[in-house]
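Student: Below are the structure tokens for one structure; questions will follow.
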Amino acid sequence: METEFDAIVIGTGISGGWAAKELCEKGLKTLVLERGRMIKHIEDYTTMNDDPWDYKNGDVITQEIKRVQPKQSRTDYVNSESTKHFFVNDLEHPYKEEKPFNWIRGYHVGGRSLLWARHTYRLTDFDFNANLKEGIAIDWPIRYKDIAPWYDYVERYIGVSGKNENLPHFPNGIYLKPMELNCAEEVLQKKVNNSFDDRIVSNARIAHITEGTKPGLGRVSCQYRNRCRRGCPYGAYFSSNSSTLPAAELTGNMTLKPNSLVHEIIYDKNLRKATGVRVIDSNTKEVFDYKAKVIFLCASTVGSTSILMQSISERFPNGMGNDSGELGHNLMDHHFQVGADAIIEGIEEKYYIGRKPAGFYIPRFRNVGGDSNQKNYTRGYGYQGDASRGGVSKNALELGYGSDFKRSITKPGDWSIGMQAFGEILPYHENKMYLDQDDKDSWGLPKVVFDAEIKENELNMRKDMMQQAIEMFEAAGAKEIVPYDKKYIFGNGIHEMGTARMGDNPKNSVLNKHNQIHAVKNVYVTDGSCMTSSGNANPSLTYMALTARAVKHAIQELNKKNL
Amino acid sequence: MDRRKALGNIGKGIGTIIVTPSIVSIFQRCQSSKTFNPTFFIAEDFNLISRLMEIIIPKTDIPGAIELKLPEFVDNYIDAVWDKKSKENINKSLKLFKDVAKTKFGQKPTRDLTFDELDKLLDKFLKSKDINSDEEKFAASFTTDLRNLTINAFRTNEYIGENILAYQPVPGRNVGCVDLDEATGGKAWSLQ
Chain C
74 METEFDAIVI
84 GTGISGGWAA
94 KELCEKGLKT
104 LVLERGRMIK
114 HIEDYTTMND
124 DPWDYKNGDV
134 ITQEIKRVQP
144 KQSRTDYVNS
154 ESTKHFFVND
164 LEHPYKEEKP
174 FNWIRGYHVG
184 GRSLLWARHT
194 YRLTDFDFNA
204 NLKEGIAIDW
214 PIRYKDIAPW
224 YDYVERYIGV
234 SGKNENLPHF
244 PNGIYLKPME
254 LNCAEEVLQK
264 KVNNSFDDRI
274 VSNARIAHIT
284 EGTKPGLGRV
294 SCQYRNRCRR
304 GCPYGAYFSS
314 NSSTLPAAEL
324 TGNMTLKPNS
334 LVHEIIYDKN
344 LRKATGVRVI
354 DSNTKEVFDY
364 KAKVIFLCAS
374 TVGSTSILMQ
384 SISERFPNGM
394 GNDSGELGHN
404 LMDHHFQVGA
414 DAIIEGIEEK
424 YYIGRKPAGF
434 YIPRFRNVGG
444 DSNQKNYTRG
454 YGYQGDASRG
464 GVSKNALELG
474 YGSDFKRSIT
484 KPGDWSIGMQ
494 AFGEILPYHE
504 NKMYLDQDDK
514 DSWGLPKVVF
524 DAEIKENELN
534 MRKDMMQQAI
544 EMFEAAGAKE
554 IVPYDKKYIF
564 GNGIHEMGTA
574 RMGDNPKNSV
584 LNKHNQIHAV
594 KNVYVTDGSC
604 MTSSGNANPS
614 LTYMALTARA
624 VKHAIQELNK
634 KNL
Chain U
-7 MDRRKALGNI
3 GKGIGTIIVT
13 PSIVSIFQRC
23 QSSKTFNPTF
33 FIAEDFNLIS
43 RLMEIIIPKT
53 DIPGAIELKL
63 PEFVDNYIDA
73 VWDKKSKENI
83 NKSLKLFKDV
93 AKTKFGQKPT
103 RDLTFDELDK
113 LLDKFLKSKD
123 INSDEEKFAA
133 SFTTDLRNLT
143 INAFRTNEYI
153 GENILAYQPV
163 PGRNVGCVDL
173 DEATGGKAWS
183 LQ
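Right, here's the structure in full:
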């Protein structure tokens, strides 16, 4: 069995898949490790064509599902009958909460690239400059110009549907044609764009093919089934399984090993670099060591930081790369679950064809200069929203019951529209994760403990998030506007990030501007753990871009014999 | 299962309901020829909710709740999906519904309530919203919960979803704004 490689990639999700592709395509013999089981594109999407009536109680989260997935079920949506097999059994993968935390994930080849909501937005210099400008945390070691060519590169490869709006805080990108908004969404768009001069309603930017094809295992146009999270037989949305892993496979340079839990990265204090990884077979619990010249740690924020914390040596008594003491700290997410729902009247004779998987997006319009600057909070938020006629109409409820009522529920419901804001969480040092060395799981690994909460800046922002949703629906002439601010639990945004942040100074950061660990230059960390601030944009595109950029740097360094 | 047996079971203990042969039974899950044993409701209450659901969604040119086996679906749904608190709440409000019925209709047992009497109760709570006490508030909430459960059962029904509503598993295209008649002939899409 081969144990020495040019490169090792830990993780096969959004960032790991990209590391595998880029390294393999540049000719490096690459070992790609995934702790979970194999999921083959299409072949293993066992529920992809199921109708609701294929399940005894419909496609819902049952009490039995909640028994084995009590924490995944807190989302109220990710793990229904058709998708539960892609999320962890919480009883087998326990973690601890000093303050409430929803750690939502699945362990399998492809990770959350199979399960993500596919919203794809760029960070801007409003985000990269903010920490420095406001004296919060530390400065990002990069700016938009450093990552922009990589945003182009990734968008071009994966396929992103969206519309350019020529706004500095909502940058233009490489987009396939946007998915047409429906009648009610258009009403909102027209009225908001006319009534406000500081904001617009645009199309959601999502990683779906809407024209042509993209490279991979037969990636063709979206068929508007809205069954994405089960895995797509058309490869229409981006996942490692349909796109980057097949690209890596095609080169002949990839060795993919599922069921391989990385325990730690091995450090050689004489060579002053990492020499390889120690792996536990998740099924048999046998231990294997693998060697490589360069390592890409892409196990997702908490996974990667856990591995670094487990990588203890004489040189790194507090975890690999943790000279600064920042490892595990500055944990962030996006807070959401605040906004409003409403009814649009007057278009009852209109409907839509197809079930597009996303609707509209209202890009950040707060704290972008001038009158948009808020007194009681900094940073910003954007709204995701959509409209549909899937409910029960007011008319039906008035009929009450009986044959007329029955007839009316075979017709579409009222045009129901909603928007929900996603907001930035500041990097607070005290928001953190750490490992409980006295409480191990069944693989002998210490359980993760979470200790994080949103604070005044976020709470003030939430008041504005709700108020602006109300004002926009009022401007649209919507009826029955119902605002809401549901209790947000940290982590529920499923965008946890920040625990191994990038920075120029090794005294207060874990990674440098190339995503290398300052003190261990042949280890690159390119998943969410590297984020120095969270911005308000869905982060996956940034992870992919940083990964591709970091691989280019790693290849250059290898060629110069620096690694 | 044997279609004649299925139709026979539908007729048991219900009163005069006209059932014509249909292809509905092809869409039903095969069940044993024993009478259905409810898992959440006690037998008498299952009988009551079956009759109420048939009034909420009666047989028209489309099968009604009983022929579609919606009561069975609702019974299993509450058992498998609802949490302990919600189950306790509906048991409480169901009891109060039966109490209101007893008071209104001369203390007769639940199983003797006629179609007209059940219809009067549903009219009181779901149409006229004639609620005069705390007891009646709970009874009303039972009827709205039951109606919501019935609507969900109706929409999750294979026969309804594939034949009565507009069924399009693979749309293949996205058209944002089109006349309702042109899209589905006026029907709702069955898939969301």
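Residue numbers (the numbering used here), protein chains in the order written: chain C, 74 to 636; chain U, -7 to 184.
Every residue, glycine too, gets a C-beta built ideally from N, C-alpha and C.
1) Using a Cβ cut-off of 8 Å, which residues of the region 122 to 145 of chain U contact any Cβ in chain C, in chain order?
2) Could you work out which residue in C:I209, C:E284, C:K263 is closest to N166 (chain U) when comparing CA atoms only?
3) Is the region 617 to 631 of chain C close to the region 419 to 430 of chain C, with three or more CB pairs under 8 Å?
4) Among residues of its own chain, excluding the 5 on either side of P485 (chain C), which ones have a beta-carbon nearer than 7 Å to its beta-carbon?
5) For a contact defined as C-beta to C-beta under 8 Å, what are the partners of G131 (chain C) on chain U?
6) Hey, could you find the ends of the alpha helix (DSSP H) V227 (chain C) is sitting in?
7) Measuring only between beta-carbons, confirm whether A180 (chain U) sits less than 9 Å from chain C.
8) Using the C-alpha atoms, what's the distance from L370 (chain C) back to E95 (chain C)?
9) In whole angstroms, give me the CA-to-CA distance for S386 (chain C) and D149 (chain C).
10) Are there 16 or more other CB atoms within 10 angstroms of the CB of D212 (chain C), so buried, or fewer, so exposed?
11) Closest Cβ-Cβ distance between N166 (chain U) and chain C: below 9 Å?
12) Determine the extent of the beta strand (DSSP E) in which F361 (chain C) is found, giving its start and end residues.
13) Under 9 Å, Cβ to Cβ, is there at least one residue of chain U near L254 (chain C)?
14) Let's test the definition: count the other Cβ atoms within 10 Å of the Cβ of P101 (chain U) and tell me whether it reaches 16, buried, or not, exposed.
15) Across the region 111 to 128 of chain C and the region 354 to 367 of chain C, are there enough close Cβ pairs to call them in contact, namely three or more that are closer than 8 Å?
16) If you follow the beta strand (DSSP E) that A80 (chain C) is part of, which residue opens it and which one closes it?
17) What span of residues does the alpha helix (DSSP H) with G49 (chain C) cover, start to end?
18) Could you say which of U:T52, U:S85, U:A57 lies nearest to A131 (chain U) if we only look at CA atoms?
19) Using a C-beta to C-beta distance shorter than 9 Å, which residues of chain U count as neighbours of G304 (chain C)?
20) Report, in whole angstroms, the separation of the C-beta atoms of A277 (chain C) and A431 (chain C), which I expect to be a contact under 8 Å.
21) What is the rounded straight-line gap between the Cα of I83 (chain C) and the Cα of I49 (chain U)?
22) Could you say which of C:R140, C:A469, C:G208 lies nearest to R452 (chain C) if we only look at CA atoms?
23) Which chain C residues sit within Cβ distance under 7 Å of T52 (chain U)?
24) What residues in the region 111 to 126 of chain C bring their beta carbon closer than 9 Å to a beta carbon of chain U?
25) What does a CB cutoff of less than 6 Å around K4 (chain U) pick up in its chain, not counting 5 residues either side in sequence?
26) Is it true that the region 166 to 178 of chain C meets the region 285 to 297 of chain C, where meeting means three or more beta-carbon pairs spaced less than 8 Å apart?
27) Rounded to whole angstroms, what's the CA-CA distance from E259 (chain C) to D171 (chain U)? Just pull it up for me.
28) If you draw a straight line from the alpha carbon of L164 (chain C) to that of V465 (chain C), how long is it in whole angstroms?
29) Can you give me the Cβ contacts of F32 (chain U) inside the same chain, cut-off strictly under 8 Å, excluding the 5 residues immediately before and after it?
30) Exposed or buried, which one is T136 (chain U) when buried takes at least 16 other CB atoms within 10 Å?
31) Residues of chain C with CB closer than 7 Å to the CB of V73 (chain U), please, in chain order.
32) How would you call L88 (chain U), buried or exposed, if buried means at least 16 neighbouring beta carbons within 10 angstroms?
33) Could one say the Cβ of P143 (chain C) lies closer than 9 Å to chain U's Cβ atoms, at least one of them?
34) Report yes or no: is there a C-beta of chain C within less than 9 Å of the C-beta of Q99 (chain U)?
35) Would you report the Cα separation of L114 (chain U) and A158 (chain U), rounded to the nearest angstrom?
36) Comparing C-alpha positions only, which one of C:S582, C:M570, C:L631, C:V583 sits nearest to Y39 (chain C)?
Tutor: In short:
1) Along the region 122 to 145 of chain U, going in chain order, the ones with a CB nearer than 8 Å to a CB of chain C are R139, I143, N144.
2) Numbered from 1 along the second sequence, position 174 holds the residue referred to as residue 166 (chain U). For the residues C:I209, C:E284, C:K263, the minimum Cα distance to N166 (chain U) belongs to C:E284.
3) no
4) For this step, residue 485 (chain C) is matched to residue 412 along the first sequence. Excluding residues within five positions, the ones whose Cβ falls inside 7 Å are Y424, R462.
5) Here residue 131 (chain C) refers to the residue found at position 58 when the first sequence is read from its first residue. Chain U residues near G131 (chain C): Y69, N144, T148.
6) As a working note, residue 227 (chain C) is residue 154 in the first sequence. From DSSP, the alpha helix (DSSP H) with V227 (chain C) extends over 217 to 231.
7) Taking the second sequence and counting its residues from 1, the one referred to as residue 180 (chain U) is at position 188. Closer than 9 Å to some Cβ of chain C, the Cβ of A180 (chain U) qualifies, so yes.
8) The residue you call residue 95 (chain C) lines up with position 22 of the first sequence. The residue you call residue 370 (chain C) lines up with position 297 of the first sequence. Each residue's Cα considered, the two are about 14 Å apart.
9) The residue given as residue 386 (chain C) occupies position 313 in the first sequence. The residue given as residue 149 (chain C) occupies position 76 in the first sequence. Each residue's alpha carbon lies about 42 Å from the other.
10) Within the first sequence, numbered from 1, the residue matching residue 212 (chain C) stands at position 139. Answer is buried; the Cβ neighbour count reaches 16.
11) Counting from one through the second sequence, the residue named residue 166 (chain U) turns up at place 174. Closer than 9 Å: yes.
12) Here residue 361 (chain C) refers to the residue found at position 288 of the first sequence. Per DSSP, F361 (chain C) belongs to the beta strand (DSSP E) from 360 to 370.
13) As a first step, residue 254 (chain C) must be located in the first sequence, where it is residue number 181. Cβ-Cβ to chain U under 9 Å: yes for L254 (chain C).
14) Position 109 of the second sequence, counting from 1, holds the residue named residue 101 (chain U). P101 (chain U) should be labelled exposed.
15) no
16) Within the first sequence, numbered from 1, the residue matching residue 80 (chain C) stands at position 7. Residues 77 to 83.
17) Outside the shown range of chain C (74 to 636) lies residue 49 (chain C), about which nothing can therefore be said.
18) Here the question's residue 131 (chain U) lines up with position 139 in the second sequence. Minimum Cα distance to A131 (chain U) is reached at U:S85.
19) Reading the first sequence from its first residue, position 231 is the one you call residue 304 (chain C). Within chain U, no residue comes near G304 (chain C); the closest Cβ sits about 15 Å away, beyond 9 Å.
20) Position 204 of the first sequence, counting from 1, holds the residue named residue 277 (chain C). Position 358 of the first sequence, counting from 1, holds the residue named residue 431 (chain C). About 4 Å separates the two Cβ atoms, so the contact holds.
21) Here residue 83 (chain C) refers to the residue found at position 10 of the first sequence. Here residue 49 (chain U) refers to the residue found at position 57 of the second sequence. About 56 Å.
22) To locate residue 452 (chain C), count along the first sequence from 1; it is residue 379. The shortest C-alpha separation from R452 (chain C) is found at C:G208.
23) Counted from its first residue, the second sequence places residue 52 (chain U) at position 60. By Cβ distance, chain C contributes S476, K479.
24) N122, D124, P125, W126
25) In the second sequence, residue 4 (chain U) corresponds to position 12, counting from 1. Summary for K4 (chain U): the model assigns pLDDT 40, below 50, so the residue's position carries little reliability, and this model does not support an answer.
26) no
27) Position 186 of the first sequence, counted from the start, is the residue given in the question as residue 259 (chain C). Position 179 of the second sequence, counted from the start, is the residue given in the question as residue 171 (chain U). In a straight line, the C-alpha of E259 (chain C) is about 15 Å away from that of D171 (chain U).
28) Working through the first sequence from its first residue, we reach residue 164 (chain C) at position 91. Working through the first sequence from its first residue, we reach residue 465 (chain C) at position 392. Using only the alpha carbons, I get a separation of about 38 Å.
29) The residue labelled residue 32 (chain U) in the question sits at position 40 within the second sequence. Excluding sequence neighbours, F32 (chain U) sits near D67, N68, I70, D71, K79.
30) Indexing the second sequence from 1 puts residue 136 (chain U) at position 144. Flag for T136 (chain U) reads exposed.
31) If you number the second sequence from 1, residue 73 (chain U) lands on position 81. Per Cβ cutoff of 7 Å: N130, V133, T135, Q136.
32) Counting from 1 along the second sequence, the entry for residue 88 (chain U) is found at position 96. Counting Cβ neighbours within 10 Å, L88 (chain U) comes out buried, since at least 16 surround it.
33) Position 70 of the first sequence holds residue 143 (chain C). With its beta carbon at least 9 Å from every one in chain U, P143 (chain C) lies outside the interface.
34) As a working mapping, residue 99 (chain U) is identified with position 107 in the second sequence. Not closer than 9 Å to any Cβ of chain C, the Cβ of Q99 (chain U) fails to qualify, so no.
35) The residue you call residue 114 (chain U) lines up with position 122 of the second sequence. The residue you call residue 158 (chain U) lines up with position 166 of the second sequence. Those two C-alpha atoms are separated by around 29 Å.
36) Outside the modelled stretch of chain C, which goes from 74 to 636, sits residue 39 (chain C), for which no answer is possible.
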